[in-house]
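The end of the sequence shown is residue 383 by my numbering, with every number in the run present. Report on one structure; see the data block that follows.
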Amino acid sequence: MTGWCTLKRMDKESRILPLTSLRFFAAIFVVFFHTFRFAFPVLSEQTLFGESIKLGFVSVSFFFVLSGYILAIVYLKGNRLTGKRDFWRARFARIYPVFLFTLVLDTPYLLMHRTSEYGWPLALATTFITFLSNCFMLQAWSHQLRGLDFPNWSLAVETVFYLLFPFAGRRLWNLSTRLTALLLPLVYVVGMLVVAACSRWLELEVLQYNPLLHLNEFVAGILLAKLHVSATADSTTAATLERYAPAGALAGMALFAVCIYFRSRIPFNLLHDGLLIPIHAILIVAFASGNRLISLLFSPKWLVLLGEASYGLYLLHLPLWHFYELFALSAKNQWILYPCYIALTIAASVIIYLFFEVPSRRAILNRFKVRTRESEVASGLAQ
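Following this line, the structure appears as structure tokens:
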């Protein structure tokens, strides 16, 4: 992997590959967060791994920051933002096919669950309303609209980001480097203050999932991209960032380990809504630096493929877990069955990516004659 001095464009896939692989680890972190404590309740309380995955929800915040960063690199660098309709169609083609597939996959479980509580007529009516509201990406706005494939609330948040990006993204990108450097920490601090203030009168469900309370993460990603591009315009600064990228990555992981240790003392609302933005930023810059060691470790084809399939992994794991709950969770040999669930879920995400996600995306883009600037890798990262 060549260095910054010979690679002029940050949006080349050779720079994005380590970030793609990193995305897989963030997604599998969410999978363990949602499932491990049910398969191994004792281990989740008495082991370091069990304690660590209790912070799995912060991966979603990482995805929000990364989405802003990649979209800014792809569309805003060099003022290459396409028309609004083409941008929105490209985003629709990226997220909607697999999203709809997992909605359909998880609907029988929700219907069965609600039937046991309310009876058939009310269960059918509420499930239909839930399904329809999810189709229109409304699930993050009210807890009453959730219930299907719960992690997909983040897609409703991303939808708000996508709607705003053509209007706000270019304005943020056109700010001076000095103003951007001042605005990035300000966005972070104000965002945390808003979440802390809202904690006094808003319910936890609203605080966790309301799209407006996550805007700071997406905006931080855009501003981070602008600063990164501006900094690496100077070859000396670029070479320095590349040289010390492994140290930066280790520092980011060390800071995250500190957060794991002090997790019980940190307000949950702040953790959930962007407190770790600085750590996310450190890791993104380190993995996008073009450093030879990081590229060597995180650019193998098999690992990049897992990263590309991580969107499907994120959406598939809970519907598949619901089937696991029905047929295997009560069994005694969880040491065998749970690893099988993890392996099958990862395999399913790869199959869905290769034979459904990519073909569906291309078909929609061809149907609307959209010439997106997103490569397959960049498209996956921007979700």
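For glycine and all other residues, C-beta sits at the position ideal for the given N, C-alpha and C.
Assign residue i to buried or exposed, taking buried as 16 or more other Cβ atoms, counted over all protein chains shown, within 10 Å of its Cβ.
i, result
"Asn-333", "exposed"
"Arg-23", "buried"
"Ile-260", "exposed"
"Glu-242", "buried"
"Lys-369", "exposed"
"Asp-234", "exposed"
"Pro-121", "exposed"
"Gly-307", "buried"
"Leu-186", "exposed"
"Ala-331", "exposed"
"Ala-257", "exposed"
"Ser-176", "exposed"
"Glu-13", "Caution applies to Glu-13, whose pLDDT of 49 falls short of 50 and renders its modelled position unreliable; the model cannot decide the point."
"Asn-210", "buried"
"Arg-460", "Absent from the structure is residue 460, since the part of the chain shown begins at 1 and ends at 383."
"Phe-262", "exposed"
"Val-190", "exposed"
"Arg-89", "buried"
"Lys-399", "What is shown of the chain runs 1 to 383, which leaves residue 399 out entirely."
"Leu-132", "exposed"
"Leu-326", "exposed"
"Leu-128", "A quick correction: the sequence has Phe, not Leu, at residue 128. It counts as exposed."
So what's residue i in DSSP terms, helix, strand or just coil?
i, result
"Asn-291", "coil"
"Ser-52", "helix"
"Lys-77", "coil"
"Lys-301", "helix"
"Val-157", "helix"
"Gly-252", "helix"
"Thr-82", "coil"
"Val-370", "coil"
"Gly-191", "helix"
"Glu-203", "coil"
"Gln-334", "helix"
"Gln-139", "coil"
"Gly-47", "The residue asked about is misnamed: residue 47 is Thr in this sequence, not Gly. Here Thr-47 sits in coil by DSSP."
"Pro-267", "coil"
"Asn-134", "helix"
"Arg-146", "coil"
"Asp-234", "coil"
"Leu-306", "helix"
"Ser-59", "helix"
"Gly-68", "helix"
"Leu-329", "coil"
"Asp-106", "helix"
"Leu-175", "coil"
"Tyr-244", "coil"
"Gly-119", "coil"
"Leu-276", "coil"
"Phe-32", "helix"
Please report the straight-line C-alpha distance between residue i and residue j, rounded to a whole angstrom.
i, j, result
"Ala-245", "Pro-18", "12 Å"
"Ser-142", "Glu-205", "8 Å"
"Ser-44", "Trp-335", "14 Å"
"Ser-264", "Ala-197", "20 Å"
"Ala-125", "Val-58", "34 Å"
"Leu-145", "His-272", "20 Å"
"Asn-366", "Val-194", "42 Å"
"Leu-293", "Cys-135", "43 Å"
"Thr-115", "Phe-63", "35 Å"
"Ala-288", "His-34", "29 Å"
"Lys-8", "Ala-309", "With a pLDDT of 36 at Lys-8, under the threshold of 50, the modelled position of this residue cannot be trusted, and the question is left open."
"Leu-223", "Trp-173", "7 Å"
"Val-98", "Gln-46", "36 Å"
"Thr-20", "Phe-323", "29 Å"
"Ala-286", "Val-304", "17 Å"
"Ile-16", "Leu-296", "13 Å"
"Ser-299", "Ile-284", "15 Å"
"Arg-85", "Phe-268", "37 Å"
"Phe-87", "Arg-94", "11 Å"
"Ser-230", "Phe-355", "39 Å"
"Thr-102", "Leu-179", "42 Å"
Would the beta-carbon of residue i fall within 9 Å of that of residue j?
i, j, result
"Tyr-341", "Ala-27", "no"
"Asp-149", "Leu-111", "no"
"Tyr-75", "Ile-364", "no"
"Ala-156", "Met-137", "yes"
"Ala-348", "Gly-312", "yes"
"Ser-61", "His-280", "yes"
"Val-31", "Thr-232", "no"
"Tyr-69", "Gly-221", "yes"
"Pro-278", "Leu-255", "yes"
"Phe-36", "Phe-49", "yes"
"Leu-213", "Leu-164", "no"
"Ile-352", "Leu-318", "no"
Looking at residue i and the ligand HEM, is the gap between the Cβ and the nearest heavy atom below 8 Å?
i, result
"Phe-136", "Although the ligand HEM was asked about, the structure shown includes no ligands whatsoever."
Looking at chain C, is there any beta carbon in it that lies within less than 9 Å of the beta carbon of residue i?
i, result
"Tyr-341", "You won't find chain C in this structure, because it holds only one protein chain."
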